[in-house]
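Colleague: Below are the structure tokens for one structure; questions will follow.
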Amino acid sequence: MPGMITKQRGHIVGIASIAVGRFIPYTVTKYAVRALMESLNSELRMDGLQNAVHTTCVYPALIATRQQFMDMLDKLNFLKRFYVFTPEQVADQIIKGILTNKREVFVPNIMALLSKQFECLPASLRHLLVSCIMRGKIPKLTARIESSRQP
Numbered sequence: 018m019p020g021m022i023t024k025q026r027g028h029i030v031g032i033a034s035i036a037v038g039r040f041i042p043y044t045v046t047k048y049a050v051r052a053l054m055e056s057l058n059s060e061l062r063m064d065g066l067q068n069a070v071h072t073t074c075v076y077p078a079l080i081a082t083r084q085q086f087m088d089m090l091d092k093l094n095f096l097k098r099f100y101v102f103t104p105e106q107v108a109d110q111i112i113k114g115i116l117t118n119k120r121e122v123f124v125p126n127i128m129a130l131l132s133k134q135f136e137c138l139p140a141s142l143r144h145l146l147v148s149c150i151m152r153g154k155i156p157k158l159t160a161r162i163e164s165s166r167q168p
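Numbering (this note's numbering), first residue to last: 18 to 168.
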């Protein structure tokens, strides 16, 4: 980062996650990425560098990465309930976010709105929704969105 500050130019990207629920160690580390990126962005603003060094925090849904992870999700019937993005799809969204200096990038984009609304709910309702999602009681929203984009 010192080089970015000296050159008055740079972009830092952190990969967090939309993940919630039972994967607590995973979500804790991804939430830490979110906190780090928000703190870094605030610090850059306080130092007057918000137009020189940019930050982007990425919140992807499921990404088809490690086969072991995908196998585990398949055993839990997650792959039948949620759309899984390819690494290339996520990378395309990240690049678009960097080029437009977005502070946050959600994959899929609709999750930005849902995430912000979710955070405004009372904790008891958030817990109920997460429980319903984990048990498959809420339909595959991202799959519906993707299928509606098909010609």
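By construction, the Cβ of each residue, glycine as well, lies at the ideal position given by its N, Cα and C atoms.
In the DSSP assignment, find the unbroken alpha helix (DSSP H) run with residue 115 in it and report its ends.
Modeller: Counting from one through the sequence shown, the residue named residue 115 turns up at place 98. From DSSP, the alpha helix (DSSP H) with residue 115 extends over 104–116.
Colleague: Check the C-beta distance from residue 107 over to residue 124 and give it rounded, since I have them as a contact under 8 Å.
Modeller: Here residue 107 refers to the residue found at position 90 of the sequence shown. Here residue 124 refers to the residue found at position 107 of the sequence shown. That pair is a contact at about 5 Å.
Colleague: Using DSSP with H/G/I as helix, E/B as strand and the rest coil, what is residue 35?
Modeller: Counting from one through the sequence shown, the residue named residue 35 turns up at place 18. Looking at residue 35 - three-state DSSP - the assignment turns out to be coil, as it is neither helix nor strand.
Colleague: Is the beta carbon of residue 81 sitting closer than 9 Å to the one on residue 54?
Modeller: Counted from its first residue, the sequence shown places residue 81 at position 64. Counted from its first residue, the sequence shown places residue 54 at position 37. Contact flag unset, no.
Colleague: If you measure from the beta carbon of residue 94 to each beta carbon in chain D, is any gap under 9 Å?
Modeller: Of the protein chains in this structure there is only one, and it is not chain D.
Colleague: Quick one, are the C-beta atoms of residue 118 and residue 28 less than 9 Å apart?
Modeller: Counted from its first residue, the sequence shown places residue 118 at position 101. Counted from its first residue, the sequence shown places residue 28 at position 11. Yes; because the gap between Cβ atoms is below 9 Å, this pair is in contact.
Colleague: Give the secondary structure of residue 48 by DSSP, where H, G and I count as helix, E and B as strand, and everything else as coil.
Modeller: For the purposes of this step, residue 48 is taken as the residue at position 31 of the sequence shown. Three-state result, residue 48: helix.
Colleague: Grab me the residues of residue 71's own chain with a C-beta within less than 6 Å of its C-beta, minus the 5 sequence neighbours each way, in chain order.
Modeller: Your numbering for residue 71 matches position 54 in the sequence shown. So the qualifying residues of the chain are 28, 118.
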